[in-house]
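Let me begin by presenting the structure, written as structure tokens, before commenting on it.
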Amino acid sequence: MLSCDGRREIHDFMRPAEDGSGTYDTIMPAFKKLVAERGEKSYYIRGTYTRKNLDFSRDVLAMAAEGFDQISVEPVVLSPESPYSIREEDLPRIRAEYDVLAAELIRRKQKKEGMFNFFHFMVDLDEGPCIYKRIKGCGSGREYISVTPTGDIYPCHQFVGKTEFMMGNVFEGSIDQKIRKQFTRAAVLSIPKCRDCWAKFFCGGGCAANNYSFNSDINIPYSIGCETERKRLECALMLKAAENGEPLEAESPEAKSFEAKKAQH
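Written as structure tokens, this is what we have:
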């Protein structure tokens, strides 16, 4: 995974060097060299969108313009007090940005030019994930744990320091089965808000750490995460429909939005 926060101005703002200068021009040649030398081996360039770059479709397209064809851009997850945090009022803009990306991917595939994969729009409708991943997407506390340098065991790295979730210590040979069972039970069929969600078997229940951070309960989903996941799946299904001969209409709001953005920049 190659970590870049986005287009040049976003990356340089978020990740300046010690002297305050930008780092985009430092990392890009190195990233391109690495991808070239890996040949057919897989990679992803991964960005992050925050409240400072809700127009993140521009970041995705900027990475594609740099020559990368495997791209992921993730929403930041921070407390509401942070100036960078994603908030409920940002969701309409975020949904529109995903629509812009989906429309552009369809356009590129139809014209067979500048094509790239966007991680969150990739969905397997033929087989998909196994049953275990469908009902419990994350294996935290059950198939995955985090161990600190002092040997303390936590369900995952995001729970480190939250003593109520310390599962034991490797040097003491102890493990708290109650905590393990708590995470095992946190599956989509047992979480009320997940049970009624159409996307549950693709989502797998989301992130337990995010649920706890925002709701103090691993069984209450992080609502912003749910909304973004559903939107990304909608776009993924739209792409599949287009591949099967149902292309996006040129006069759709999504296509018009993209054309308007191109004209502005």
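Numbering-wise (the UniProt record's numbering), the sequence shown opens with residue 1 and increments by one. Think of the CB as a built atom: it goes at the ideal place given N, C-alpha and C, for glycine as much as any other residue.
Taking 8 angstroms as the cut-off, the Cβ atoms of LYS111 and GLY204 do not count as close. Collapsing the DSSP output to three states places THR26 in a helix.
Listed in chain order, the non-local C-beta contacts of ILE224 below 6 angstroms within the same chain comprise ILE86, local neighbours out to five positions each way being set aside. In terms of Cβ geometry, CYS194 and LYS200 form a close pair [threshold 8 angstroms].
Counting only residues of its own chain and dropping the five nearest sequence neighbours on each side, TYR222 has a CB closer than 8 angstroms to the CB of VAL77, GLY206, CYS207, ASN210, ASN211, SER213, PHE214 and ASN215.
Note that the C-beta distance between ASN169 and ILE145 is not below 8 angstroms.
Excluding five sequence positions before and after SER174, the CB atoms of its chain that fall closer than 7 angstroms to its own CB belong to GLY168, given in chain order. Three or more Cβ pairs drawn from the stretch 231-241 and the stretch 99-113 lie within less than 8 angstroms of each other, which places the two stretches in contact.
Annotation for VAL147: ILE153 and VAL170 place their beta carbon closer than 7 angstroms to its own, counting only its chain and skipping 5 residues before and after. In the structure shown, LEU189 adopts coil according to DSSP, grouped into three states. Around the C-beta of CYS130, fewer than 16 other C-beta atoms lie within 10 Å, and the residue is accordingly described as exposed.
Rounded to the nearest whole angstrom, the C-alpha separation of THR184 and GLU88 is 29 angstroms. In the displayed model, LEU78 falls within coil according to three-state DSSP, outside both helix and strand. Unbroken beta strand (DSSP E) stretches of 3 residues or longer found wholly inside the UniProt domain "4Fe4S-binding SPASM" (138-198): 152-154, given in chain order. HIS120 is positioned such that its CB atom lies closer than 8 angstroms to that of ARG232. DSSP, reduced to helix, strand and coil, places ASN117 within a strand of the structure shown.
A residue is called buried once 16 or more other Cβ atoms fall within 10 Å of its Cβ, and ALA186 is buried on that count.
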